[in-house]
């Protein structure tokens, strides 16, 4: 098995109980910031679920073994850049994998709802954390409709591009909801507002200690 900074290794690990875990082992990247950001996303997910608000997030696990290598939980999904390349759009990708003749979008309602909720969740959380460098290569999609973000190298306003948007919501993402002038998109907006207000109410109690830790990591890595 070859291993280099440009070619991570996909490993299959079996626990004493027989549970299979697939992880990516990376060399050359500092994953400590990713680890803390994903812990924050996981905490936000817990807080929202306590209020019976499930946004279908994918807070995969990252374990930094040092400042130069670490492990990433493997999650089966496709980059949005590949979705557009292979299928032409997010909607067509989901229609191919979860078709429905009864829905106006030709998509199973459960998959559409999962897509809307996960898209809203990551819009809010990447906004709150100031996640930058968002593009179609670090946003993923599963066949069940779960959209999620990867690679959190730029946070709290840092970005590799000038004048980058604070929220990454493309026309293609909106079209997968039926367009901006539909009840489905209004539902998406309402979910964003509800999630934002809920997390803001919980900020002092839950999130400030994590923010201090992440800020320290950002400052030390610059």
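Numbering (UniProt numbering), first residue to last: 1 to 222. Note that CB positions come from ideal geometry on N, CA and C, so glycine has one too. Only a predicted model underlies this, so the values are computations on that prediction, with no experimental measurement involved.
Item	Value
Among 137, 86 and 143, which one has its Cα closest to the Cα of residue 107?	143
If we call anything under 9 Å between Cβ atoms a contact, is residue 79 one with residue 134?	no
Quick check on DSSP: helix, strand or coil for residue 183?	helix
For residue 63, which residues does DSSP report across the bridge?	71
Does the distance from the CB of residue 72 to the CB of residue 129 come in under 9 Å?	no
Decide if residue 23 is buried, meaning its Cβ has at least 16 other Cβ atoms within 10 Å, or exposed.	buried
Please report the distance separating the alpha-carbon of residue 25 from that of residue 90.	29 Å
Evaluate residue 19 with the Cβ neighbour count: other Cβ atoms within 10 Å of its Cβ, from every protein chain shown; 16 or more gives buried, anything less gives exposed.	exposed
Going by the DSSP bridge assignment, what does residue 189 pair with across the sheet?	Answer is none; residue 189 lacks a bridge partner.
To which residues does DSSP link residue 148 through a beta bridge?	140
Taking only the alpha-carbon atoms, compute the straight-line gap between residue 190 and residue 47 and give it to the nearest angstrom.	18 Å
So, are the CB atoms of residue 140 and residue 77 less than 9 Å apart?	yes
Identify the residues that DSSP records as bridge partners of residue 26: which are they?	70
Beta-carbon within less than 7 Å of residue 63's beta-carbon, same chain only, minus the 5 sequence neighbours each way: which residues are those?	35, 70 and 71
Judging by CA-CA distance, which residue of 51, 146 and 115 is the nearest neighbour of residue 201?	51
So is residue 104 buried or exposed if we call it buried at 16+ other beta carbons inside 10 Å?	exposed
Anyone know if the C-beta pair for residue 100 and residue 57 falls short of 9 Å?	no
Ignore the nearest five residues each way along the sequence and tell me which others in residue 173's own chain have a CB closer than 7 Å to its CB.	90 and 119
Do residue 147 and residue 127 count as a contact pair if the criterion is CB distance below 9 Å?	no
Drop a sphere of 10 angstroms on the beta-carbon of residue 95, count the other beta-carbons inside from all chains shown, and report buried for 16 or more, exposed for fewer.	buried
For residue 109, count neighbouring Cβ atoms within 10 angstroms of its own Cβ and tell me buried if that reaches 16, exposed if not.	exposed
Taking all protein chains shown into account, decide if residue 67 is buried (16 or more other Cβ within 10 angstroms of its Cβ) or exposed.	exposed
Below 8 Å on the Cβ atoms is my guess for residue 41 versus residue 125; work out the distance and round it to an integer in Å.	6 Å
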